[in-house]
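To start, the structure under review is shown below, and the notes come after it.
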Amino acid sequence: MMIEKIKILNRMGFNFTILISFFIFFSPYPMLAVNDEVCISCHEKRHTGEDKKEMRWGTEFIKRDLKGSVHRQLKCIQCHSDATSIPHKRGLSKVDCTKCHMDTGRSFSESVHGSSLSKGERNAPSCVTCHGDHKILKITDPRAPVFRNNQLTLCSVCHTDKEIQKKYNLPGTKVIKAYERSVHGRIIKEGKSIKAAVCTDCHGAHLILKSNDTNSKTNKMNIPNVCGRCHVEIYNEYKLSIHSKALKEGKLDSPSCTDCHGEHTLTLVRDPNATVYLKNIPTTCAKCHENQELIKKYRLPSDRYSSYIGSFHGVALKYGNVTTANCTSCHEVHRILPASDPESSIHPKNLSLTCGRCHPAMKNAANIGKIHVEAKKESSLGMYIVRNFYTWFIGIMMTLFVAYIILDVYGILRRRRNDKK
Ligand code: HEC
Ligand code: HEC
Ligand code: HEC
Ligand code: HEC
Ligand code: HEC
Ligand code: HEC
Ligand code: HEC
Ligand code: HEC
Ligand code: HEC
Ligand code: HEC
Ligand code: HEC
1 MMIEKIKILN
11 RMGFNFTILI
21 SFFIFFSPYP
31 MLAVNDEVCI
41 SCHEKRHTGE
51 DKKEMRWGTE
61 FIKRDLKGSV
71 HRQLKCIQCH
81 SDATSIPHKR
91 GLSKVDCTKC
101 HMDTGRSFSE
111 SVHGSSLSKG
121 ERNAPSCVTC
131 HGDHKILKIT
141 DPRAPVFRNN
151 QLTLCSVCHT
161 DKEIQKKYNL
171 PGTKVIKAYE
181 RSVHGRIIKE
191 GKSIKAAVCT
201 DCHGAHLILK
211 SNDTNSKTNK
221 MNIPNVCGRC
231 HVEIYNEYKL
241 SIHSKALKEG
251 KLDSPSCTDC
261 HGEHTLTLVR
271 DPNATVYLKN
281 IPTTCAKCHE
291 NQELIKKYRL
301 PSDRYSSYIG
311 SFHGVALKYG
321 NVTTANCTSC
331 HEVHRILPAS
341 DPESSIHPKN
351 LSLTCGRCHP
361 AMKNAANIGK
371 IHVEAKKESS
381 LGMYIVRNFY
391 TWFIGIMMTL
401 FVAYIILDVY
411 GILRRRRNDK
421 K
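When the letters of the sequence shown are read in order and numbered with the numbering used here, they come out as residues 1 to 421.
Right, here's the structure in full:
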């Protein structure tokens with residue numbers, strides 16, 4: 001008998017879990033009785049219970065599923081831990097996965113899903129909703145429901161459900177549809193690669209929080225880190241920018257990645273509908289740099305957009321010349337710095353190089369004048385005087401001209417009346 005048991009152990013190979021089962025195997029406690037074989041003896045086939053109700057599960061499936069799962073080494077009672085005396089009570093409690101997966105359990109309990117679930121909301125997912133029960137696979141297994149390329153399907157089940165959206169006031173279907181069309185979503189959906197961003201790259205898998213929560217991965221302050229995990233070089237440039245510095249100081253009006261790119265709507269940069277497509281860049285920057293409230297709040301120079309759009313470059317862009325300079329040609333795309341910073345592409349010292357990229361003649365220019373001409377007394381007096389002079393001059397000319405015509409017409413009419421008399 002004893003020898004047979006040891007033989008079985010040898011056949012199974014010796015590892016830690018086997019060691020544990022070894023102790024359970026020889027333990028003098030009631031557990032001894034509750035071996036898998038015991039469970040199986042009753043659950044073997046479709047079993048008719050006392051009340052003649054057919055049980056839903058036969059072990060045939062459970063055994064098969066478990067065998068192919070990550071938990072193949074676990075005993076039934078390690079999960080069904082209250083089935084320790086046989087016959088076990090009816091209405092066993094739900095399996096507590098967090099007993100072994102403690103860290104995951106902690107994160108999950110703080111999440112929107114977890115806290116909703118603990119309040120008894122039946123629409124929120126539990127571990128089993130996302131991972132399954134007996135047939136739990138490694139997350140890297142393409143058949144697992146939580147595998148990267150399957151997450152769209154997994155999360156969509158609830159997040160495109162109209163009732164759930166209404167009940168919890170969620171922006172579901174819109175989000176899913178947008179993501180499917182986004183640069184990341186397309187790559188994932190077409191199965192081209194698993195490297196593009198999936199739901200849990202941006203939201204996390206267990207600690208999913210609302211984006212207004214400062215601990216949320218999707219909180220504005222944390223977004224650059226999230227994108228930066230994959231777009232490393234761009235993140236390193238962005239990190240040096242005035243926008244990044246300002247955001248870190250808590251100036252929430254300063255852009256993170258998604259303010260310029262969008263999150264679920266994110267497209268290829270060369271897509272003509274992209275917010276960052278060459279032709280659309282000025283309007284994207286103008287959202288903030290032509291916003292009077294922000295200009296006042298951060299004492300930013302004004303008229304950036306209007307002065308650009310009236311310039312040679314702006315006019316050329318308006319007529320479809322995308323090789324001309326847009327905001328980022330002079331300011332850089334991600335490493336945007338103020339003119340006062342010696343590292344800035346628009347620092348007077350560096351300007352000849354910046355313009356010289358497209359105007360070779362300017363490469364050695366000693367002094368390149370102002371680019372954004374605001375027509376304000378403080379910043380460009382000459383421009384201010386000239387513009388004001390012309391405004392008044394033309395205004396007075398036009399008034400005189402109109403007055404002259406009116407007087408002339410009046411004169412003609414009067415002469416005609418006099419002639420008739
Ligand atoms: C003596 C026979 C018998 C043995 C041995 C047995 N079960 Fe059951 N089990 C049943 C019956 C009968 C039901 C159905 C109860 C019902 O439908 O209300 C059941 C139901 C269950 C359920 C469904 C949840 C519930 O409470 O309705 C689980 C889980 C379960 N058993 C696990 C186990 C595990 C694990 C073992 C081994 C440790 C085991 N059972 C051993 C007879 C048995
Ligand atoms: C990895 C943990 C795990 C292991 C190991 C495990 N189960 Fe389960 N089992 C579950 C989960 C999860 C459910 C779903 C119900 C729940 O959440 O409690 C379940 C449900 C069941 C049910 C009831 C199904 C129903 O619809 O009510 C039976 C019966 C059952 N298990 C028997 C077994 C038997 C027999 C074994 C051993 C051969 C076993 N389980 C091993 C996790 C496990
Ligand atoms: C909303 C769906 C969802 C729920 C609910 C969920 N998970 Fe996960 N889980 C995932 C996804 C998706 C991944 C894969 C994440 C990845 O690709 O990085 C994952 C990964 C895991 C992993 C392996 C990687 C890791 O983080 O350690 C474990 C273990 C795990 N989950 C356990 C659990 C447990 C235990 C619960 C319940 C407390 C749970 N999960 C609840 C979706 C979920
Ligand atoms: C008795 C402890 C125990 C319980 C209970 C348990 N697990 Fe596990 N789980 C493990 C161990 C150990 C592994 C690692 C297996 C391996 O690496 O081969 C694992 C692996 C996993 C993985 C795969 C992680 C990866 O890296 O791909 C997932 C997912 C998972 N468990 C989810 C669950 C869920 C969901 C439940 C509840 C239904 C659960 N576990 C219950 C011990 C447990
Ligand atoms: C079983 C259904 C279900 C599944 C599956 C599910 N969710 Fe949810 N989710 C909900 C419900 C319900 C809420 C609202 C909870 C609340 O507000 O109490 C929610 C809330 C959220 C929120 C917070 C929205 C907000 O503004 O409150 C995010 C983000 C989210 N889920 C993302 C995901 C992701 C990512 C996945 C896939 C890994 C996923 N969900 C899978 C049901 C689900
Ligand atoms: C590239 C990153 C990224 C991906 C991929 C992504 N999201 Fe989001 N998601 C965000 C950001 C950032 C927000 C917050 C937007 C805001 O603050 O207005 C958000 C918001 C949400 C919301 C609204 C609730 C909230 O927290 O404001 C839901 C629901 C949601 N996402 C679900 C999903 C689902 C489901 C998927 C996968 C199909 C997904 N997201 C994929 C970045 C992403
Ligand atoms: C102030 C607006 C703005 C911010 C903030 C911003 N971007 Fe961009 N991004 C752009 C513009 C404009 C382009 C298009 C440049 C071009 O046409 O070459 C671009 C291009 C890209 C590209 C594709 C081009 C390439 O070189 O591969 C990626 C990827 C990208 N950004 C990621 C990010 C990430 C990640 C962040 C945050 C760390 C971020 N962006 C922050 C405006 C921004
Ligand atoms: C899991 C990795 C991952 C994460 C996280 C991620 N991306 Fe991407 N992203 C990719 C991959 C892969 C591509 C495919 C295009 C390429 O770069 O070859 C891509 C493409 C892009 C593009 C289009 C580039 C082009 O050539 O037009 C932009 C813009 C972009 N991502 C921005 C973001 C932003 C903003 C975030 C954060 C909200 C983000 N990404 C998060 C992996 C990721
Ligand atoms: C979401 C709003 C927003 C967007 C979009 C935005 N910016 Fe800004 N930008 C700001 C804020 C706020 C500051 C001020 C930061 C500070 O006070 O430190 C700033 C500062 C600057 C500065 C430094 C100004 C100074 O006087 O120090 C430059 C240059 C700049 N942005 C250029 C751009 C360009 C070019 C774009 C488009 C590619 C752009 N910004 C898009 C909000 C924005
Ligand atoms: C042809 C190059 C060029 C283009 C195109 C351009 N800028 Fe500038 N920008 C500059 C230079 C040079 C300065 C610094 C001197 C000045 O104000 O003329 C500057 C200054 C600024 C400043 C103030 C920076 C500081 O530190 O004072 C902001 C903000 C700004 N530009 C935003 C924009 C926006 C938004 C656009 C697009 C609508 C744009 N720029 C287009 C070259 C350019
Ligand atoms: C991305 C390339 C690019 C950059 C950088 C650039 N320009 Fe231009 N610029 C052009 C193009 C293309 C035109 C012709 C536009 C047209 O069709 O009128 C032009 C036109 C001009 C003109 C009108 C006269 C002419 O030569 O056609 C002036 C003046 C000018 N740029 C000055 C500058 C200055 C100063 C800078 C640096 C602060 C600068 N540009 C940076 C591409 C650029």
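Glycine is no exception: its CB is placed at the ideal position from the N, C-alpha and C atoms.
query: Residues near CYS327 in its chain [Cβ-Cβ closer than 6 Å; skip 5 each side]; result: ILE281, PRO282 and CYS285
query: Test item: CB-CB of LYS363 and GLY356 under 9 Å; result: yes
query: C-beta atoms of SER134 and ASP65 nearer than 9 Å; result: According to the sequence shown, residue 134 is His rather than Ser. In this structure, ASP65 lies closer than 9 Å to HIS134 by Cβ.
query: Outcome for CYS100 when other beta-carbon atoms lying within 10 angstroms are tallied against a minimum of 16; result: exposed
query: Cβ separation of LYS189 and LEU154, assumed to be a contact under 8 Å, to the nearest whole Å; result: Incorrect: roughly 14 Å between the Cβ atoms, too far for contact.
query: N- and C-terminal bounds of the alpha helix (DSSP H) containing SER306; result: 304-309
query: With 16 other Cβ atoms within 10 Å as the buried cut-off, status of LYS52; result: Caution applies to LYS52, whose pLDDT of 46 falls short of 50 and renders its modelled position unreliable; the model cannot decide the point.
query: Residue environment, VAL128, which counts as buried when at least 16 other CB atoms sit within 10 Å; result: exposed
query: Status (buried if at least 16 other CB within 10 Å, exposed otherwise) for ALA366; result: exposed
query: With 16 other Cβ atoms within 10 Å as the buried cut-off, status of ALA33; result: With a pLDDT of 49 at ALA33, under the threshold of 50, the predicted position of this residue should be treated as unreliable, and no value is reported.
query: Contact set for GLY68: own chain, Cβ-Cβ below 8 Å, skip 5 residues either direction; result: LYS135 and LEU137
query: TYR390 to MET397 span [Cα, whole Å]; result: 10 Å
query: Check: LEU407 C-beta below 8 Å from any heavy atom of ligand 7; result: no
query: First and last residue of the uninterrupted alpha helix (DSSP H) at ALA316; result: 312-318
query: CA-to-CA distance, GLU293 to PHE147, given in whole angstroms; result: 45 Å
query: Validate contact between the stretch 225-237 and the stretch 138-145 using beta carbons, cut 8 Å, 3 pairs; result: no
query: Cβ-heavy atom distance, ALA325 to ligand 10, below 8 Å; result: yes
query: Whole-angstrom distance between LEU317 and LYS119, CA atom to CA atom; result: 55 Å
query: Exposure label - GLY49; buried when at least 16 CB within 10 Å; result: Note that GLY49 scores a pLDDT of 48, beneath 50, so its modelled location is shaky; the value from the coordinates is reported in the next line. GLY49 should be labelled exposed.
query: Boundaries (first-last residue) of the alpha helix (DSSP H) holding VAL112; result: 112-118
query: SER256 CB to nearest heavy atom of ligand 7 below 8 Å; result: yes
query: Counted within 10 angstroms of its Cβ, other Cβ atoms place PHE434 as buried (16 or more) or exposed; result: Nothing about residue 434 can be reported from this structure: the residues present for the chain run from 1 to 421 only.
query: Exposure of THR267, with buried meaning 16 or more beta-carbon neighbours within 10 Å; result: buried
query: Closest by C-alpha distance to LEU337, when choosing among LYS177, SER244 and MET221; result: SER244
query: Alpha-carbon spacing of ASP103 relative to HIS331, whole angstroms; result: 44 Å
query: Endpoints, the alpha helix (DSSP H) within which THR283 is located; result: 281-289
query: C-beta contact flag for GLU298 and LYS251 at 9 Å; result: For clarity, residue 298 is Tyr in the given sequence; the question names Glu instead. Yes.
query: Rounded separation between SER233 and ARG122 - CA only; result: The displayed chain sequence assigns Glu, not Ser, to residue 233. Answer to the nearest angstrom: the Cα atoms are 43 Å apart.
query: For HIS43, the first and last residue of its enclosing alpha helix (DSSP H); result: 36-43
query: Coil, strand or helix - LEU294 by DSSP; result: helix
query: Inter-residue Cα distance where the pair is LEU117 and LYS162; result: 19 Å
query: Cβ-Cβ distance between HIS184 and SER241 below 9 Å; result: no
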